[in-house]
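Asks: Numbers in our numbering are just positions in the sequence shown, counted from 1, shifted up by 15.
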Amino acid sequence: MTGGTADNGATVGGEAGAPVGSTWRSAVSGLDLPRLTRYLGVRLPGSLKPPLRALPLPGGRSNLTYELCDADGRVCVLRRPPLPFGAGNQVPIPATLAPMAPGAGRGDIRHEYQVIRALFQTHGRGGRVPVAEPLLLCQDTSVIGAPFFVTAKVPGIVLRRERQAVVLTPTQSRSVAHGVIDTLAALHLLDVRATGLADFARTDQFLIRQVDRWDRLHAASASREVPKLARLAAGLRAGVPDGDRVVILHGDYRLENLVVTVGAPARIAAVLDWEAATLGDPLVDLGLLLTFWEGAGAAVKPIASAHTAARGFPSVRQMAERYAAKTGFDLSRLGWYIALNHYRVAGLLEALHYRTLHGLPVAAGLEDAGLWVAELVEAGYAALRDDF
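Okay, here's the thing in structure tokens:
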């Protein structure tokens, strides 16, 4: 846990995930704070001083994240599954990036905690794949109405907004980008058996199952003709790589899911949001990262992390080259993996368009997500023919 100075009703900001100007609350949707306080008093005696207040955090594509602050300003983090439809006036938010592993991830708190615990136990605090220290897993739904887990708070910032990145010096931007790649490479080089996760997920025909998954999503949300969509789908299916390497996959590895400490040098302090973690081909993770990545001065992508266009960030090709140098993996088919992830994200955005078209709620800011689909499909089709 980290200390803090938040008093009752004080605003917080500048820490991992906490938006500037946010306010600690004594009541929030999805948490029964009095019951939770009593439970944690038994399970984590002496760690938290009542009363607890909570702060819902942005990020996390399915599971919900809250910071908990005690009377002395000590902070920890709680994760729970999404709220039921309409609970607490909560609008159901479709995942912008759905979990990779069928039957696991989305709302599966135990699944996410298992990965974090395995990585922390294997490498400890500050390891090559840094994660928040896991404190407890509660599967008793009588406490807050759902299972949940609690981790320590990792000091740092999450670069979700362009204005956060523009204050970085070019040297810091490069350090952050190199840390992004180096941490991903370290994850993919872990001995899966040594982590205890060898039986964590099904691994056979992983890439075929990924194509099947996104085919089904596109079919279920079809409401219009999207140029080149059928050609992209056919090209993916016709050109599936061997993909016989099995590693631990994060499943949603992007800059928005990393805690960064800005110093000399800047570094990655923790990898967050493991709800989509699985076992499979490492280039699926890399392909997703590069789908969202823009280098300095690059043309703006509709879905990209806008901050990666800030000065000093390497290009997509430079990021891929660093990954290849760190892992020794063959990237000659990387274009296919980038195309797969464009197809994936296009399908998820088309599903949002379908919901909007039928008067169903979507997350704020994603009402026009359908406008980006054709561009994503076009970029994916181009990537399919690109040699790295």
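Ideal Cβ placement from N, Cα and C applies to all residues, glycine included.
In terms of alpha-carbon separation, which member of L305, V262, V173, L152 lies closest to L204?
Replies: For this step, residue 204 is matched to residue 189 along the sequence shown. Looking at the Cα atoms, V262 is the closest of the given residues.
Asks: Decide if P162 is buried, meaning its Cβ has at least 16 other Cβ atoms within 10 Å, or exposed.
Replies: In the sequence shown, residue 162 corresponds to position 147, counting from 1. P162 should be labelled buried.
Asks: What would DSSP say about A384, mapped onto helix, strand or coil?
Replies: In the sequence shown, counting from the first residue as 1, residue 384 sits at position 369. When secondary structure is reduced to three states using DSSP, A384 falls in the helix class.
Asks: If we ignore side chains and look at the alpha-carbon of each, how far apart do T210 and P149 end up?
Replies: The residue given as residue 210 occupies position 195 in the sequence shown. The residue given as residue 149 occupies position 134 in the sequence shown. The straight-line gap from Cα to Cα measures roughly 15 angstroms.
Asks: Tell me the DSSP bridge mates of V262?
Replies: Stepping through the sequence shown from its first residue, residue 262 is reached at position 247. Looking at the DSSP assignment, V262 forms a beta bridge with G295.
Asks: In whole angstroms, what is the alpha-carbon distance linking V130 and L183?
Replies: Translated into positions along the sequence shown, residue 130 becomes position 115. Translated into positions along the sequence shown, residue 183 becomes position 168. Cα-Cα distance, rounded: 31 angstroms.
Asks: Where do the N-terminal and C-terminal ends of the alpha helix (DSSP H) with L67 fall, by residue?
Replies: Position 52 of the sequence shown, counted from the start, is the residue given in the question as residue 67. Counting along the chain, L67 falls outside any alpha helix (DSSP H), and DSSP gives it neither H nor E.
Asks: Rounded to whole angstroms, what's the CA-CA distance from A398 to D230? Just pull it up for me.
Replies: As a position in the sequence shown, residue 398 is number 383, starting the count at 1. As a position in the sequence shown, residue 230 is number 215, starting the count at 1. Computed Cα separation, rounded: 18 angstroms.
Asks: Using the rule of at least 16 other Cβ atoms within 10 Å of the residue's Cβ for burial, across every protein chain shown, is R68 buried or exposed?
Replies: What you label residue 68 is simply residue 53 of the sequence shown in a count that begins at 1. Buried, since its Cβ has 16 or more Cβ neighbours within 10 Å.
Asks: How far does the beta strand (DSSP E) with F163 in it reach, from first residue to last?
Replies: Counted from its first residue, the sequence shown places residue 163 at position 148. Per DSSP, F163 belongs to the beta strand (DSSP E) from 163–167.
Asks: How would you call T156, buried or exposed, if buried means at least 16 neighbouring beta carbons within 10 angstroms?
Replies: Counting from one through the sequence shown, the residue named residue 156 turns up at place 141. Label assigned to T156: exposed.
Asks: Given a cut-off of 8 angstroms on the beta-carbon distance, is the pair V191 and A281 in contact?
Replies: For the purposes of this step, residue 191 is taken as the residue at position 176 of the sequence shown. For the purposes of this step, residue 281 is taken as the residue at position 266 of the sequence shown. Yes. Within cutoff.
Asks: Among L287, A291, G194, which has the Cα closest to the Cα of L264?
Replies: Counting from one through the sequence shown, the residue named residue 264 turns up at place 249. Nearest C-alpha to L264: A291.
Asks: Y338 and L303 - do their beta-carbons sit closer together than 8 angstroms?
Replies: Counting from one through the sequence shown, the residue named residue 303 turns up at place 288. Counting from one through the sequence shown, the residue named residue 338 turns up at place 323. It is not a contact, given that the beta carbons lie outside the stated cut-off.
Asks: Determine the contact status of S236 and A384, defining contact as a CB-CB distance below 8 angstroms.
Replies: Along the sequence shown, one-based indexing puts residue 236 at 221. Along the sequence shown, one-based indexing puts residue 384 at 369. Against a cut-off of 8 angstroms, the Cβ pair of A384 and S236 comes out as no contact.
Asks: Looking at the secondary structure, which residues open and close the beta strand (DSSP E) in which V90 lies?
Replies: Along the sequence shown, one-based indexing puts residue 90 at 75. Taken as a continuous stretch (DSSP letters only), the beta strand (DSSP E) holding V90 covers 90–95.
Asks: Can you give me the C-alpha to C-alpha distance between V299 and A340, rounded to a whole angstrom?
Replies: The sequence position of residue 299 within the sequence shown is 284, counting from 1. The sequence position of residue 340 within the sequence shown is 325, counting from 1. One C-alpha to the other measures close to 17 angstroms.
Asks: What does the Cβ neighbour count give for E271, buried or exposed, with the cut at 16 atoms within 10 Å?
Replies: Stepping through the sequence shown from its first residue, residue 271 is reached at position 256. Classification for E271: buried.
Asks: Within this structure, are the beta carbons of V195 and L273 separated by less than 8 angstroms?
Replies: Locating residue 195 in the sequence shown gives position 180, counting from the first residue. Locating residue 273 in the sequence shown gives position 258, counting from the first residue. Closer than 8 angstroms, so yes.
Asks: Note the first and the last residue of the continuous beta strand (DSSP E) segment covering V286.
Replies: Your numbering for residue 286 matches position 271 in the sequence shown. Segment 282–286, the beta strand (DSSP E) holding V286.
Asks: What are the uninterrupted segments assigned as alpha helix (DSSP H) that are 4 or more residues long and contained completely in the segment 203–268, given in chain order?
Replies: 207–210, 221–235, 244–253
Asks: With DSSP collapsed to three states, give me the class of R40.
Replies: Counting from 1 along the sequence shown, the entry for residue 40 is found at position 25. In the displayed model, R40 falls within a strand according to three-state DSSP.
Asks: So what does P145 bridge to, in DSSP terms?
Replies: Your numbering for residue 145 matches position 130 in the sequence shown. DSSP output for P145 lists no bridge partner at all.
Asks: According to the Cβ coordinates, are L222 and V173 closer than 8 angstroms?
Replies: Counted from its first residue, the sequence shown places residue 222 at position 207. Counted from its first residue, the sequence shown places residue 173 at position 158. Against a cut-off of 8 angstroms, the Cβ pair of V173 and L222 comes out as no contact.
Asks: Just to confirm my understanding: we take P65, look at its own chain, exclude 5 residues before and 5 after, and list those with CB closer than 8 angstroms. What are they?
Replies: As a working note, residue 65 is residue 50 in the sequence shown. Cβ neighbours of P65 beyond the five flanking positions: T52, G56, D85, A86.
Asks: Could you work out which residue in D288, S41, P73 is closest to A379 when comparing CA atoms only?
Replies: To locate residue 379, count along the sequence shown from 1; it is residue 364. It is P73 whose Cα lies nearest to the Cα of A379.
Asks: Going by C-alpha distance, which of Y268, T186, R176, L46 is nearest V144?
Replies: Indexing the sequence shown from 1 puts residue 144 at position 129. With distances taken between Cα atoms, V144 lies closest to Y268.
Asks: Check E390 in the structure and name its three-state DSSP category.
Replies: Against the sequence shown, residue 390 aligns to sequence position 375. In the structure shown, E390 sits in a helix (DSSP, three-state: H, G or I).
Asks: Do A389 and P242 have their C-beta atoms closer together than 8 angstroms?
Replies: For this step, residue 389 is matched to residue 374 along the sequence shown. For this step, residue 242 is matched to residue 227 along the sequence shown. Yes, the Cβ-Cβ distance between A389 and P242 is below 8 angstroms.
Asks: So the alpha helix (DSSP H) L183 belongs to, where does it begin and stop?
Replies: As a working mapping, residue 183 is identified with position 168 in the sequence shown. Here L183 belongs to no alpha helix (DSSP H), and DSSP marks it neither H nor E.
Asks: Nearest-angstrom Cα distance between R58 and L93?
Replies: Stepping through the sequence shown from its first residue, residue 58 is reached at position 43. Stepping through the sequence shown from its first residue, residue 93 is reached at position 78. Rounded to the nearest angstrom, the gap between the Cα atoms of R58 and L93 is 14 angstroms.
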